[in-house]
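Presented below is the structure to which this report refers.
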Amino acid sequence: MKKYYFISGLHRSGSTLLSAILNQNPRFYSGPMSPVLPMIENLESFMMDNEFFVSAPKPLQSHEILSSLINHYYNDIHKTVVFDKNRMWPNHINYIEGYIKQGAKIICPVRNIDEILSSFLKLIRNNKNEEIFNPIDRQVIDENLPLNDYNRCKILLSSQWHLVLSIKAMENAVNNNLRDRLLFVEYKDLVLNPVSTFNRIYNFLGEDYYEHNFQTIKNKNVVKDEEYYNLKGLHDVREKLEITSDNPKDYLTEDIINECRQLEFWRNL
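Under my numbering, the first residue of the sequence shown is numbered 1495, with each subsequent residue one higher.
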């Protein structure tokens, strides 16, 4: 039996770095973004809407199928502790505690929203390709907007885009009195104060502390960033911890920066 923990949080906030460091622990496996959550969600929805299931329901068997899904997905991982990563887990704590049958413990890396937007814009500038567009630029074009940084930011801050959905998922958990299932980890704390930050993480998980090497960090998880997202470097991890954030004012207008500040609800907890 594996023990499962979860990583959620915000884009460009250190979740790949966090996984790379966690993987130094010989008991731990932390992979890239996982399809486990949408697989459970879609399979549950399919069964509930399927005429054959509805006409002759087998609730115990369907529950067992959904409960076993995560174990099947990770049956190639021979570690006792697995971290599954999906930004929507805070919206589905009931799946963790109902199907996976473990107390939900979700690590949520967070960061100044204006720094997240600046990081995305820097990536886009570094991956300039006039023939193949990244998902953000494709959305700008689909909405018949001029292709510029301002409209890229408006897409990133739209209520249906992944960043805001991730924020709302965490906020939803907090508003439903599930704050104790989440551990917010600031990007700057992760990079500048790794020892105290990982002590917090291990205390939250209830795991014995492991002495991590913060001077030599390697990312074992391969993600096809250039092939799928046309954003080479999206999940790169530097070997040593260091802050490389640019000044958001070099990328963003004042109204965008103010809009970002309004979304950082965790700062008021």
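The beta-carbon is built from N, C-alpha and C at its ideal position, and this holds for glycine as well.
query                                                                                                            : result
For K1579: DSSP bridge partner residues                                                                          : I1501, M1527
Cβ-based burial, S1524 [other Cβ within 10 Å; buried from 16]                                                    : buried
Reduced DSSP secondary structure (H/G/I, E/B, other) of I1600                                                    : strand
Of the listed residues F1708, P1742, I1711, K1497, nearest to T1574 (C-alpha basis)                              : K1497
Local conformation of E1758 per DSSP, three classes                                                              : coil
The segment 1597-1617 / the segment 1545-1558 touching (three or more Cβ pairs under 8 Å)                        : no
CA-to-CA distance, Y1745 to E1758, given in whole angstroms                                                      : 19 Å
Spatial neighbours of M1533 in its chain, beta-carbon cut-off 7 Å, leaving aside the 5 residues before and after : L1563
Inter-residue Cα distance where the pair is N1752 and R1632                                                      : 25 Å
As assigned by DSSP and simplified to three states, the class of L1672                                           : coil
Assumed close pair E1680, R1605 - CB separation to whole angstroms, cut-off 8 Å                                  : 7 Å
Cβ contact (3+ pairs, closer than 8 Å) linking the segment 1669-1676 and the segment 1649-1656                   : no
C-alpha distance - L1735 paired with M1495, whole-angstrom precision                                             : 34 Å
Delimiting residues of the alpha helix (DSSP H) encompassing I1618                                               : 1607-1620
Buried versus exposed call for R1506 [16 or more other C-beta atoms within 10 Å across all chains shown]         : buried
Where F1708 falls: helix, strand or coil (DSSP)                                                                  : coil
Within 8 Å, strictly: CB atoms of S1513 and N1715                                                                : yes
Cβ pair D1749, S1612 closer than 8 Å                                                                             : no
Those residues which DSSP pairs with E1680 across a bridge                                                       : V1604
Length of the line joining the Cα atoms of L1639 and L1650                                                       : 14 Å
Closest by C-alpha distance to Y1568, when choosing among L1511, F1522, Q1518, V1685                             : F1522
Residue from I1610, E1535, I1559 with nearest C-alpha to N1588                                                   : E1535
Cα-Cα separation, D1608 to K1648                                                                                 : 12 Å
C-alpha gap between I1559 and T1710, whole angstroms                                                             : 41 Å
Straight-line gap, A1667 to E1591 (C-alpha atoms, nearest Å)                                                     : 14 Å
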